[in-house]
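Below: one structure, written as C-alpha cells.
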Amino acid sequence: MADMLLPKNQALRLTRYEYRLVFEKKGRARYISHLDLMRAFQRVFKRAGIPLWYTQGFNPHAYLMFPLALPLGTDSSVEPLDIALIEELPFDELRDRINACMPEGLRIVSAGKPEMKHTEIAFAEYVIRLVTDRSPKETAEAFRSFLSADRIEVEKRTKKRGINLVDIKPHIDLLFLEAGESETSISLRLPAGNEFNLNTGVVLDAFASVFEGKIDSIYTTRTKILTKTGEYFI
Amino acid sequence: MIEIKEKLEQLLLKTQKPARYIGGELGSVVKDKSKVDVRFAFCFPDIYDVGMSHLGMKILYGLKNAVPNYWCERVFMPEKDFEALMRENDIPLYALESLDPIRDFDFIGFTLQYELSFTNVLEMLDLAGLPVYAKDRKELTPIVVGGGPCVCNPEPIADFFDLFILGEGEEVNLELMRLYEKMKPLSPTKEEFLREAAKIEGIYVPRFYDVDYNDDGTVKSITPNVPEAKERITKRVIPDFDHAYYPDSFVVPFTQIVHDRVVVEVLRGCIRGCRFCQAGFIYRPFREKSIGTIAGETRTLCEQTGYEEVSLSSLSTSDHTKITELLTSLSDYTDKENINLSLPSLRIDTMSKEIVDRIAAVRKSGLTFAPEAGTQRLRDVINKNITEDEIIRTCRLAFAEGYQTVKLYFMLGLPEETDEDIAGIAELAQKVVDLYYETPKEQRGKSVQVSVSASTFVPKPFTPFEFEPQATPEEIKRKQGFLLDNIKSKKIRISYHQQRVSVLEGILARGDRRLSKVIYTAWSKGCTLDSWDEHFRFDLWQEAFDECGTDTAFYANRRRGYDEVMPWSHLDYMISRRFLVNENKKAHEAKTTRNCAEGCSGCGIKKECGGVYCG
C-alpha cells in the first residue's frame with residue numbers, strides 16, 4: 001500500500017513556487033465579476049500552459065488567490081493575484097506567456113515574488129470621475145459639503161443584528177477634489193482589506209442621497225493598494 | 235457607435251451578470267469595418283446563457299468570419315431587467331462585437347431552435363427598431379433570415395421573415411452572402427434580391443407562395459406566385475461530413491453558461507427512427523466524422539479555449555461505427571491533460587461494459603436513459619427499440635460500478651397509450667430501485683436516487699406522428715396524477731412539464747400562416763421568454779387565441795388525414811410522405827421498423843446525401 005501515499009495526480013507536488021502577479025482590468029473586462037474572473041484566469045493559465053500547483057484535498061484545484069477583490073465596474077492596473085507553480089519560471093517569461101493568452105482588457109503588468117502578507121493590506125486609493133446634471137464646480141462644492149458633515153451614516157447589514165447604522169466619515173480621506181470642464185474628479189483613500197473594507201460605491205450612494213442634482217455617470221479607477229504605513233503592497 | 239458604448243457603461247452596473255451584454259470575450263471576432271462588405275447579425279432568440287451554448291451558432295460564426303470581408307457578430311435576447319433599461323435609455327439592440335445597432339446590418343439571422351422562442355424574435359426585431367412584419371420593412375436591408383429545426387414548419391412565423399434556410403447551413407449561408415455581395419453594388423430592391431435568392435437550393439421565400447384554405451380550415455394548396463419560386467424547396471445536406479467546416483476557435487464567455495465546455499460534433503443524423511423524434515428524421519442521413527478528425531478538433535479547441543471539459547455532441551454517440559476506438563483515442567488525450575470527457579446521448583442497448591468503465595473513470599455520478607415509454611408494447615409503438623432486459627442489464631452493471639443516480643426519461647400522451655403503460659413507468663422505476671438494493675453492499679454506492687422525467691408528447695412535422703392528435707391538457711393532467719399515484723418508493727422523484735407549455739408548443743409546431751396574427755397579438759400583450767416558467771403567461775396567449783378567433787383544438791388535438799395538405803407540404807426534408815404514412819400505420823399495429831444499420835427501410839433520403847448506411 002506504499003503507493004497510496006503518493007498523490008495519484010502528478011500535479012499534486014509538495015514543492016510550490018509562489019508568485020505575485022499585478023494585473024490590469026480595463027474596458028469591457030471591467031464587467032467581469034469576481035467569481036467569473038477566477039474562472040477566466042484559470043482558463044488563461046490552461047491555454048498558456050502555465051504549470052500550476054494544485055491544492056491537495058478531495059477536490060484538487062489550481063491555487064489562485066486574489067488578496068483584494070475589485071468591485072464590478074471599477075478599473076485598475078494595480079490588482080494583485082497570487083499563484084503557485086510546480087516549477088520555477090523567470091518573471092518576464094511568466095508575464096509574457098500569460099499575456100499572449102489574455103482576453104481584451106486583462107493584462108499582466110508585472111510578475112514577482114510575494115513579499116508581504118495579504119493581511120498587511122490596509123488602504124486603497126481611488127480616482128472617481130463624476131458627471132452630473134450640475135456644473136462640475138457645483139458638484140465639487142456639494143461633495144465637499146457632504147464630507148464636512150459631522151457624521152456620514154450608512155446602513156450596514158450584519159449577520160447578528162440585522163441592519164446597523166455606521167458612521168463612515170472618519171474613514172474617508174479626501175486626497176483631491178477637482179472641477180474639470182465636464183466632470184468632477186475625486187480622489188479618495190479608503191480602508192481596504194479583510195479587517196475593514198469601504199467601497200467607493202458606499203460613499204457615492206451616501207453622496208447621491210444628499211446631492212440635489214442627478215448623477216449621470218460614475219467612472220472609478222483603483223490607483224493604489226497600500227499597507228498600514230502607507231507603503232505599496234508588494 | 236461611441237454613444238451606445240457610453241450609455242452601456244452606466245447601465246451595465248445596474249443589471250444582473252453584465253458581462254453578458256458587453257462582448258469582448260476571448261475568441262470573439264472584431265474586424266475593421268472599413269474592410270468589411272457584408273455584415274451579419276447572428277441572433278439567438280433567447281438569453282446569452284442559453285444561446286452561447288448552442289453549437290450551430292459556433293459553427294456558422296466561425297464559417298462566416300473565416301471570409302475576410304464578411305463579419306458575423308452575436309446577438310442575444312436581453313433579460314427583462316436589461317431590456318427595460320435598454321428601452322428607457324433608447325439603446326437599440328446591438329451586436330456584441332462592434333456594439334453597433336443591428337438595424338444597420340445587411341443580414342439579421344435568427345436560429346429557430348424551439349417554438350417557444352418565436353415571440354423573442356418579434357421582441358428582438360422591435361428592440362432593434364425595426365417593424366416586425368416583413369412587409370413593413372421595405373428597404374433592401376436588413377434582410378431577416380431564419381434557420382434551424384423549426385424552419386421545417388416556419389409557417390406560423392412566415393410573415394415576419396424575408397427568407398428561410400432549410401437544412402444544414404455550412405454551404406448555403408455563404409452562397410446567400412455571396413449573392414448579396416454581388417448584387418449590393420447594383421442597389422436592387424428587396425423583391426429583386428429575394429427573387430434571385432429563391433433560386434438557391436434550400437432557400438424559401440414565404441412571400442412568393444400563396445396559401446389557400448378549404449372550408450373546414452385545412453390547407454387546400456400552396457402555390458408559388460413568381461417564376462423564381464420552386465414548387466418544392468429541398469433542404470440542404472453536407473454529404474462529405476468528415477470534411478465539413480468546423481471552427482478551430484470558440485468564443486469563451488466570462489460568465490457561466492449552460493454548457494460551458496468544448497463541444498465536438500461526432501456524427502449527424504440518426505439511424506434509429508423513433509417515431510416521435512423530429513430530430514431523428516429532419517437531420518437524416520446518418521453521417522459521421524473519422525476518429526482523426528474528431529481527435530484533431532478536440533485537441534485544437536481544448537488548447538484554444540482552456541476549457542477543462544469536452545463533450546461529444548450527436549443525437550446518439552454510441553451509434554458511431556468505431557465508438558470504442560474513438561473513446562480510447564480521446565481519453566488518452568483528455569486523461570493526460572486533466573480534461574473531463576463527457577458523453578451525453580449514449581444509448582442503453584449499445585453500452586458495453588467497456589464504455590461504462592470509460593465514463594466511470596471520469597465521473598461516477600449519474601446515468602441517464604430514455605426508455606420514453608413504460609411498457610414494451612408502447613415502446614414498439616414509438617419504435618424505441620429498447621427492451622426492459624437491456625435497461626436492467628445496464629443498470630445492474632452501473633450499480634456494481636458505484637453509480638448512485640439514474641435518470642429515466644419518459645413521455646406522457648403518446649399515441650396508443652393506456653393507463654397500463656403509465657403504470658409501467660412506475661414499475662420500471664421501481665425495478666431500477668430494487669436492482670440497487672440487490673447489488674452487494676460492498677459494490678454499490680451509498681444511496682440511490684431514480685429521477686423520472688415525464689414530459690408531454692408533442693406531435694411534430696416530418697415524423698410518423700405528424701398526423702396524430704395531441705392529448706388535451708385535461709387528459710395530460712389526469713395521466714400525471716395517475717403516474718404519481720403509482721409511485722411508491724421515496725427513492726423515486728418525478729418531474730413533468732407544465733401542460734400549458736406543451737399545448738402551446740403543439741399548436742405552434744403544426745400551425746399555419748394564420749397563426750402569425752396570434753403570435754403578434756400575444757407578443758403585443760407582453761409575451762416573451764415563453765420557455766422560462768417565470769415568464770410564461772398562458773393567460774395572455776389564451777386572450778390572443780380568443781381575439782384572433784383561433785380554435786386551438788384544430789391545431790393541437792385533431793387527427794390529420796393521410797392525404798391532408800400540411801402547412802409544410804411544400805418543404806422537402808427528403809422524408810417521403812409514403813414512408814411517414816407507412817410508419818404511422820405500423821405504429822398503430824405496434825410493429826417496429828429496423829434501424830438504418832440493420833438495413834434500409836426506404837425513408838426517401840437519397841444515397842448522394844452521403845449517409846453511411848444509404849445505398
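These protein sequence lines map, in sequence, to chains U and F. Taken in order, the first sequence gives residues 1 to 234; the numbers are from this note's numbering. Taken in order, the second sequence gives residues 235 to 849; the numbers are from this note's numbering. Don't be surprised by glycine CBs; every beta carbon is placed ideally from N, CA and C. Everything numeric in this text was worked out from a predicted model, so none of it was measured.
Any C-beta of chain U under 8 Å from that of residue i
i	result
V596 of chain F	Per-residue confidence for V596 of chain F stands at a pLDDT of 48, beneath the threshold of 50, marking its modelled position as unreliable; the derived number appears in the next sentence. No - not a single Cβ of chain U is within 8 Å of the one on V596 of chain F.
T534 of chain F	no
V486 of chain F	yes
L319 of chain F	no
T568 of chain F	no
P481 of chain F	no
A657 of chain F	no
Q244 of chain F	yes
I505 of chain F	no
G795 of chain F	no
A253 of chain F	yes
V309 of chain F	no
G258 of chain F	yes
L247 of chain F	yes
E661 of chain F	no
Pair within 8 Å by beta-carbon distance, residue i and residue j
i	j	result
T489 of chain F	A253 of chain F	yes
V752 of chain F	A778 of chain F	yes
L260 of chain F	F276 of chain F	no
Y754 of chain F	V366 of chain F	yes
V453 of chain F	V445 of chain F	yes
L662 of chain F	A632 of chain F	no
P103 of chain U	G257 of chain F	no
R230 of chain F	F701 of chain F	Past the boundaries of the shown model lies residue 230 of chain F; chain F is included only from 235 to 849, so the question cannot be answered.
L546 of chain F	K523 of chain F	no
I399 of chain F	I437 of chain F	yes
I472 of chain F	E402 of chain F	yes
M291 of chain F	T345 of chain F	yes
L198 of chain U	H171 of chain U	yes
I98 of chain U	I50 of chain U	yes
Cα-Cα separation, residue i to residue j
i	j	result
G267 of chain U	A318 of chain F	With chain U covering only 1 through 234, there is no way to say anything about residue 267 of chain U.
A206 of chain U	D36 of chain U	28 Å
L763 of chain F	F394 of chain F	18 Å
G285 of chain F	G380 of chain F	15 Å
L356 of chain F	C384 of chain F	16 Å
L549 of chain F	R495 of chain F	18 Å
D482 of chain F	E404 of chain F	15 Å
Y255 of chain F	K464 of chain F	41 Å
K251 of chain F	K675 of chain F	45 Å
L89 of chain U	T221 of chain U	31 Å
Q512 of chain F	Q538 of chain F	34 Å
I83 of chain U	P71 of chain U	21 Å
Min CB distance residue i to chain F below 8 Å
i	result
T46 of chain U	The sequence shown places Lys at residue 46 of chain U, rather than the Thr named in the question. Chain F contact via Cβ: present.
E79 of chain U	no
I32 of chain U	yes
A191 of chain U	Per the sequence presented here, residue 191 of chain U reads as Pro, with Ala not at that position. For P191 of chain U, the answer is no, since every Cβ of chain F falls outside 8 Å of its Cβ.
E104 of chain U	yes
S110 of chain U	no
I28 of chain U	Looking at the sequence itself, residue 28 of chain U is Arg, so the reference to Ile does not match. By this cut-off, R28 of chain U is an interface position.
A208 of chain U	no
Expected contact under 8 Å - CB spacing of residue i and residue j to nearest Å
i	j	result
A124 of chain U	I32 of chain U	Not really, about 19 Å apart at Cβ, beyond 8 Å.
A111 of chain U	L130 of chain U	That pair is no contact at about 35 Å.
M800 of chain F	R518 of chain F	That belief does not hold up - the Cβ atoms of M800 of chain F and R518 of chain F are roughly 18 Å apart, past 8 Å.
R748 of chain F	P695 of chain F	R748 of chain F to P695 of chain F, Cβ: 16 Å. No contact.
L330 of chain F	S287 of chain F	That belief does not hold up - the Cβ atoms of L330 of chain F and S287 of chain F are roughly 15 Å apart, past 8 Å.
N323 of chain F	K241 of chain F	5 Å
F691 of chain F	L648 of chain F	5 Å
F515 of chain F	T697 of chain F	6 Å
W775 of chain F	A790 of chain F	Actually they are not in contact, since the Cβ atoms of W775 of chain F and A790 of chain F sit about 12 Å apart, beyond 8 Å.
M116 of chain U	I218 of chain U	About 31 Å separates the two Cβ atoms, so there is no contact after all.
Worksheet item: At what residue ranges does the segment 696 to 756 of chain F contain a whole run of the beta strand (DSSP E), taking only runs of 3 or more?
Response: Within the segment 696 to 756 of chain F, the complete beta strand (DSSP E) runs of at least 3 residues fall at 726 to 730.
Fill in: Every unbroken beta strand (DSSP E) within the segment 119 to 150 of chain U, with a cutoff of 3 residues, ordered by chain
Within the segment 119 to 150 of chain U, the complete beta strand (DSSP E) runs of at least 3 residues are 121 to 132.
Item to complete: Please list the segments of the beta strand (DSSP E) lying wholly inside the segment 157 to 227 of chain U, counting only runs of 3 or more residues, in order along the chain.
Response: Whole beta strand (DSSP E) segments, 3+ residues: 162 to 167, 173 to 179, 184 to 191, 215 to 227.
Worksheet entry | Secondary structure, alpha helix (DSSP H): runs of 4+ residues fully inside the segment 260 to 345 of chain F | List check, alpha helix (DSSP H) in window: 282 to 285, 289 to 299, 314 to 322.
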